[in-house]
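Scroll down for the structure; my scribbles are underneath it.
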Amino acid sequence: MLRYLPFLLILALTIYAFIDCLNTPEQEVKHLPKVVWVIIILLFSIVGPVVWLFAGRQRGASGGGRARRAQWVAPDDNPEFLKSLRDEQEKKDKDQD
């Protein structure tokens, strides 16, 4: 069973890179058209996926620290929500007149 491990790892890497390439938007693909990357990944089973993972698509900018998440705000404290309620109430009042 252990002798099949290298083959399975190469197959898994190729499948991962293939699916990753297909799911990557065309705007994020670097250096070559997406179709060419797919062909390279499928034809060159070790080199193709590795090159795709390192050079094929744009990666997110690495920030120096933790990204700040938007903090959840309760609806009764959210000014946008309160404004929408006021607007709806004013609209109902106008419709009743």
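Throughout the sequence shown, residue numbering follows my numbering, covering 22 to 118 in sequence. The C-beta atom is built at its ideal place from N, Cα and C for all residues, glycine as well.
Counting along the chain, V71 sits inside the alpha helix (DSSP H) bounded by residues V68 to V72.
Taking all protein chains in view, the Cβ of I60 is surrounded by fewer than 16 other Cβ atoms within 10 Å, so the residue is classified as exposed. Within a 10 Å sphere around the beta-carbon of I36 sit fewer than 16 other beta-carbons, which makes this residue exposed. Residue state for R80 is assigned as coil, using DSSP reduced to three classes. Among the bridge pairs identified by DSSP, V50 is matched with R78.
One Cα belongs to V68, the other to L30, and the distance between them is close to 13 Å. Here DSSP, grouped into helix, strand and coil, assigns A33 to helix.
Cα atoms of I62 and W73: separation of roughly 7 Å, rounded to the nearest angstrom. Taking every protein chain shown into account, the CB of W58 has 16 or more other CB atoms within 10 angstroms, so this residue is buried.
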